[in-house]
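Visitor: In UniProt numbering, the protein residues as written are 1 to 359. The beta-carbon is built from N, C-alpha and C at its ideal position, and this holds for glycine as well. Remember, predicted model here, so these are calculated numbers, not experimental data. Have a look at this one before I ask anything.
In structure tokens:
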């Protein structure tokens, strides 16, 4: 599929989703009913046709709203003005929402297809027994690079990013946990480290790494690396896979020290007024054929083991999205570090961004 055609398809898909959202948001102003499901998700993070098919099959109506950060999502649910029925927080946010009493404890007997989820992705530290959440998509954090300029051995360790030869070559992801996590892994520490002395030591060690950084970005990394405007990007596997689909000279690697494995999940807020509808939609999204169609649209990794057999194969990016077990064994989930440590991470990271110098 050529780049222009893929771009057109992307625009059409986004337009369809926006039309869907506008239609449903306008509908919400007329008042809710027991057939409305208030659906709170990341932008462009579900195939809109799947929602239309669900509505047609069940008679429910999706009222779709989006958020752009876990923090914004949690704050709005905590305010309680809108009674969302289904939300999609990341793993560490599930832990925080549990502690705040914002989540409904799930009745597994009402979820059809929970056994479709790969056992490797159940019973994680952020939600033992999956009492409050169901995995939706998952992925990793690593390095995408231009294979015409660098080989895997150039980037098989986080420590190699400190090499002066990479000065002005690296696009770094804009995240405190992710950036300090690189330094922690490079120095043999856990990515959930809370000791202030260790964190300050790692912050100082990151200063020469920051000297190699060309720009600090988020989703834009995918575009710039795909277009050849940078040779190295530190990003998430789904973003890397999208870049690889546009540029066959790119490859993705997870350094030998390990990295972060992340999960986006489905939860039912405690303030939900249509829990039965939420359970119906979760069960629908867990159907293998539906989960596979959704994964093909999103281009992220599905945790649904039956859906994986139905996902359209793409040898170029499948290894990026679905790494081998020996790599998965080296990956760690981010934990909620508590308010004080989170502030410390953010402060240290801000120092690195504004004035990268050792203390």
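Check whether the region 103-110 and the region 122-140 are in contact - that is, three or more C-beta pairs closer than 8 Å.
Guide: yes
Visitor: Just mark residue 47 as buried or exposed, buried being the case when its beta carbon has 16 or more other beta carbons within 10 Å.
Guide: One-based indexing of the chain shown puts residue 47 at position 47. It is buried - the Cβ of residue 47 has at least 16 other Cβ atoms within 10 Å.
Visitor: Would you tell me roughly how many angstroms separate the C-alpha atoms of residue 144 and residue 250, rounded to the nearest one?
Guide: Counting from one through the chain shown, the residue named residue 144 turns up at place 144. Counting from one through the chain shown, the residue named residue 250 turns up at place 250. Cα-Cα distance, rounded: 7 Å.
Visitor: Ignoring anything shorter than 3 residues, give me the beta strand (DSSP E) runs that lie fully in the region 41-78, in order along the chain.
Guide: Within the region 41-78, the complete beta strand (DSSP E) runs of at least 3 residues are 61-67.
Visitor: Do the region 245-264 and the region 50-65 touch if we need at least three Cβ pairs shorter than 8 Å?
Guide: no
Visitor: Nearest CA to the CA of residue 94: which residue from 336, 188, 344, 232?
Guide: Taking the first residue of the chain shown as 1, we reach residue 94 at position 94. Closest by alpha carbon: 336.
Visitor: What's the call for residue 89, buried or exposed, on a 16-neighbour Cβ count within 10 Å?
Guide: Reading the chain shown from its first residue, position 89 is the one you call residue 89. The C-beta of residue 89 has 16 or more other C-beta atoms within 10 Å across all chains shown, which makes the residue buried.
Visitor: State the start and end residues of the unbroken alpha helix (DSSP H) segment that holds residue 284.
Guide: Counting from 1 along the chain shown, the entry for residue 284 is found at position 284. Element bounds for residue 284: 275-285.
Visitor: Note the first and the last residue of the continuous beta strand (DSSP E) segment covering residue 208.
Guide: In the chain shown, the residue the question calls residue 208 occupies position 208. Under the DSSP assignment, residue 208 falls outside any beta strand (DSSP E), being part of the alpha helix (DSSP H) whose first and last residues are 207-211.
Visitor: According to DSSP, is residue 145 helix, strand or coil?
Guide: Counting from one through the chain shown, the residue named residue 145 turns up at place 145. In this structure, residue 145 counts as strand in the three-state DSSP scheme.
Visitor: Quick check for students: name the residue ranges of the beta strand (DSSP E) that lie wholly in the region 220-255, counting only runs of 3 or more.
Guide: 232-236, 250-253
Visitor: Out of 298, 153, 219, 150, which has the shortest C-alpha to C-alpha gap to residue 175?
Guide: The residue labelled residue 175 in the question sits at position 175 within the chain shown. With distances taken between Cα atoms, residue 175 lies closest to 219.
Visitor: Count the CB pairs spanning the region 110-120 and the region 289-304 that are closer than 8 Å, and state whether there are at least three.
Guide: Segments in contact, yes.
Visitor: Check whether the Cβ atoms of residue 356 and residue 263 sit closer than 8 Å, and answer yes or no.
Guide: Numbered from 1 along the chain shown, position 356 holds the residue referred to as residue 356. Numbered from 1 along the chain shown, position 263 holds the residue referred to as residue 263. Taking 8 Å as the Cβ cut-off, residue 356 and residue 263 do not qualify as a contacting pair.
Visitor: What do you get for residue 231, buried or exposed, if any count of 16 or more other CB atoms within 10 angstroms of its CB means buried?
Guide: Counting from 1 along the chain shown, the entry for residue 231 is found at position 231. Only buried fits residue 231, as 16 or more other CB atoms lie within 10 angstroms of its CB.
Visitor: Residue 277 and residue 85 - do their beta-carbons sit closer together than 8 Å?
Guide: One-based indexing of the chain shown puts residue 85 at position 85. One-based indexing of the chain shown puts residue 277 at position 277. For residue 85 and residue 277, yes; Cβs fall inside 8 Å.
Visitor: Quickly, what does DSSP pair residue 266 with across the bridge? List them, please.
Guide: What you label residue 266 is simply residue 266 of the chain shown in a count that begins at 1. Note: residue 266 sits in a beta bridge opposite 134.
Visitor: For residue 295 and residue 203, what's the separation of their Cα atoms in angstroms?
Guide: Here residue 295 is taken as the residue at index 295 of the chain shown, counted from 1. Here residue 203 is taken as the residue at index 203 of the chain shown, counted from 1. Cα to Cα, residue 295 sits roughly 37 Å from residue 203.
Visitor: Just mark residue 346 as buried or exposed, buried being the case when its beta carbon has 16 or more other beta carbons within 10 Å.
Guide: As a first step, residue 346 must be located in the chain shown, where it is residue number 346. By the 10 Å Cβ count, residue 346 comes out exposed.
Visitor: When DSSP labels each residue in this structure, what does residue 115 get in the three-state scheme?
Guide: By one-based count along the chain shown, residue 115 stands at place 115. DSSP places residue 115 in helix when its eight states are reduced to three.
Visitor: May I ask you to report which of helix, strand or coil DSSP gives residue 36?
Guide: On the chain shown, residue 36 is found 36 positions in, with the first residue counted as 1. Strand at residue 36.
Visitor: Which of the three DSSP states is assigned to residue 214 in this structure?
Guide: The residue labelled residue 214 in the question sits at position 214 within the chain shown. Under the three-state reduction of DSSP output, residue 214 falls in the strand class.
Visitor: Leaving aside the five residues before and after residue 92 along the sequence, list all residues of the same chain whose C-beta is less than 7 Å from its C-beta, in chain order.
Guide: Translated into positions along the chain shown, residue 92 becomes position 92. The answer, listed in chain order, is 126, 334, 335, 336.
Visitor: Would you mind working out which of 122, 156, 153, 191 sits nearest residue 332, comparing C-alpha positions?
Guide: Taking the first residue of the chain shown as 1, we reach residue 332 at position 332. It is 191.
Visitor: Under DSSP, the beta strand (DSSP E) around residue 171 begins and ends at which residues?
Guide: The residue you call residue 171 lines up with position 171 of the chain shown. Its beta strand (DSSP E) spans residues 170-173.
Visitor: Taking 8 Å as the cut-off, decide whether the C-beta atoms of residue 226 and residue 317 are in contact.
Guide: Working through the chain shown from its first residue, we reach residue 226 at position 226. Working through the chain shown from its first residue, we reach residue 317 at position 317. Contact flag unset, no.
Visitor: Do the region 160-176 and the region 260-274 touch if we need at least three Cβ pairs shorter than 8 Å?
Guide: no
Visitor: Can the beta-carbon of residue 54 be found less than 8 Å from the beta-carbon of residue 279?
Guide: Translated into positions along the chain shown, residue 54 becomes position 54. Translated into positions along the chain shown, residue 279 becomes position 279. The answer is no: Cβ separation not under 8 Å.
Visitor: Please determine, among 113, 99, 56, 140, the residue with the shortest C-alpha to C-alpha distance to residue 324.
Guide: Numbered from 1 along the chain shown, position 324 holds the residue referred to as residue 324. When each option's Cα is compared against that of residue 324, the closest is 140.
Visitor: Here's a check: name, in chain order, each residue in its chain whose Cβ is nearer than 7 Å to the Cβ of residue 214, leaving out the five neighbours to either side.
Guide: Position 214 of the chain shown holds residue 214. 168, 169, 170, 171, 230.
Visitor: With DSSP as the reference, label residue 109 as helix, strand or coil.
Guide: As a working note, residue 109 is residue 109 in the chain shown. Helix, per DSSP.
Visitor: For residue 298, which of 239, 341, 261 has the nearest alpha-carbon?
Guide: Against the chain shown, residue 298 aligns to sequence position 298. Closest by alpha carbon: 239.
Visitor: Helix, strand or coil for residue 307 per DSSP?
Guide: Within the chain shown, the letter at position 307 stands for residue 307. Helix, per DSSP.
Visitor: Between which residues of its own chain and residue 265 is the CB-CB distance below 7 Å, once the five residues before and five after are set aside?
Guide: What you label residue 265 is simply residue 265 of the chain shown in a count that begins at 1. If we look at residue 265 and ignore the five residues flanking it on each side, its Cβ neighbours are 88, 89, 91, 94, 133, 134, 135, 136.
Visitor: In this structure, does DSSP put residue 355 in helix, strand or coil?
Guide: On the chain shown, position 355 is the one that residue 355 refers to. Coil, per DSSP.
Visitor: Which class does residue 181 belong to by DSSP, given the choice of helix, strand or coil?
Guide: Your numbering for residue 181 matches position 181 in the chain shown. The answer is helix: DSSP assigns residue 181 an H, G or I state.
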